[in-house]
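A short write-up of the structure that comes next.
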Amino acid sequence: MPQSRMPCAKPSDCTGKTAPKLCSIRCATVCLPANSPPTAPCNNHSESSMRIGKEKVSRIRLAPVLLAFSLATGNVLLAPSAYALSELHKIPGQASGEAPPAQGSAEGQNQTQGTTPGVPMAEPLVNSQNSQGVDKTPGAQDASKPVEVIYDINKAPEPVRKMRQQIVEAAASGDLERLRPLMGTGKDQTQVTVGESTDDPIGTLKDLSGDPDGDEILAIMLDIVSTGFVHVGQGTADDMYVWPYFAEKDLKSLTPPERVELLRIVTAGDLSDMQEFGGYNFYRLGITPDGKWKFFTAGD
1 MPQSRMPCAK PSDCTGKTAP KLCSIRCATV CLPANSPPTA PCNNHSESSM RIGKEKVSRI
61 RLAPVLLAFS LATGNVLLAP SAYALSELHK IPGQASGEAP PAQGSAEGQN QTQGTTPGVP
121 MAEPLVNSQN SQGVDKTPGA QDASKPVEVI YDINKAPEPV RKMRQQIVEA AASGDLERLR
181 PLMGTGKDQT QVTVGESTDD PIGTLKDLSG DPDGDEILAI MLDIVSTGFV HVGQGTADDM
241 YVWPYFAEKD LKSLTPPERV ELLRIVTAGD LSDMQEFGGY NFYRLGITPD GKWKFFTAGD
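In this text, residue positions in the sequence shown follow full-length UniProt numbering: the first is 1, and each later residue adds one.
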């Protein structure tokens, strides 16, 4: 039976012009002239559609097979990687192919608690016996020994009291040069540096000060002689009175009031450093029993 056709406004394949012509219902996308056979193009199109449909069905049926093949191939490729990862977790010193000891076994516990075979034990980074600072400043004593802290200056000999008062007055004046007559000369000159002498102690103190006039050093000096003091080296060549008493005391044994007194001289950071160093290492002042100003130095 001939296929019915309807007019179409698409250009004719033959003339290239748009004109009403019959169009195949089966082949909606193909416009045919009115005198063309109605079944040939449609048959070709139907056969093409059937081939495409069969190819799609074949691809759908092959999809599970391809998926299974991909998974099997992936497992084969991943096997060497898994083996390499197991090699990374091999215990140092364990022979190849040897199974690690069970977690609950005696051998496993011994290796956990003891040293790992083949790995040397690291030496301690800090030797606690040698980490304590050694205070070599004049008048330094063993801070671990108990000391008697003196606050009453009247318990010191009169020459000591006199020299201390002169130092207080000179420092309070703000004139560093007023200390020069109190420092002596030659072998009796006041020591202001550790381990070396200087021809100009006043100039050295000015250099140590945080300001060009030496006011900071004078302020520190006043704070030092305002604390308690100790009498050390009785009956020896190092017999003297030392300010502050922290220079002769274990800083770890300080009472709360003593800590407050120390923090009037140094900062909290300085105190922490001193405890790590092993003792007081800021400025100290010493006067001999006969009234000579022996030293004004800082330990390091």
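Built from N, CA and C at the ideal position, the CB exists for glycine as well.
The segment 286 to 294 makes contact with the segment 152 to 162; the number of CB pairs closer than 8 Å reaches 3 or more. A Cβ-Cβ distance of about 18 Å is found for the pair ALA156 and LEU222, leaving them out of contact under the 8 Å criterion. A direct Cα-Cα distance of roughly 15 Å separates GLN165 from GLY174. Taking a 10 Å sphere around the C-beta of LEU263, we find fewer than 16 other C-beta atoms and assign the residue as exposed.
A distance below 6 Å between beta-carbons, with the five flanking residues on each side excluded, links THR198 to the following residues of its chain, in chain order: THR204. The beta-carbon distance between TRP243 and VAL225, rounded to whole angstroms, is 5 Å. This is short enough to meet the 8 Å contact definition. About 5 Å separates the CB atoms of VAL147 and VAL230; that is less than 8 Å, so the two are in contact. With contacts defined as CB atoms closer than 7 Å, GLY286 and PHE295 qualify as a contacting pair. If you ignore the 5 residues before and after TYR241, its C-beta comes within less than 6 Å of the C-beta of ALA156, VAL160, PHE229, HIS231 and ILE287, all in its own chain and listed in chain order. Cβ-Cβ separation between GLY214 and LYS206: approximately 4 Å, consistent with a contact (criterion under 8 Å). VAL192 has its alpha-carbon roughly 5 Å from the corresponding atom of THR297. Closest in alpha carbon position to ASP188, among ARG178, PRO201, LEU176 and GLU177, is PRO201. In chain order, ILE202 place their CB closer than 6 Å to the CB of ARG180, counting only its own chain and leaving out the 5 sequence neighbours on each side. Residue environment: TYR280 is assigned as buried (16 or more neighbouring CB atoms within 10 Å of its CB, all protein chains considered). For VAL225, the enclosing alpha helix (DSSP H) covers residues 215 to 225. A distance below 7 Å between beta-carbons, with the five flanking residues on each side excluded, links TYR151 to the following residues of its chain, in chain order: GLY228. Following the DSSP letters along the chain, one finds MET240 inside the beta strand (DSSP E) bounded by residues 240 to 243. With respect to the 7 Å criterion, TYR245 and VAL168 are not classified as neighbours on the basis of their beta carbons.
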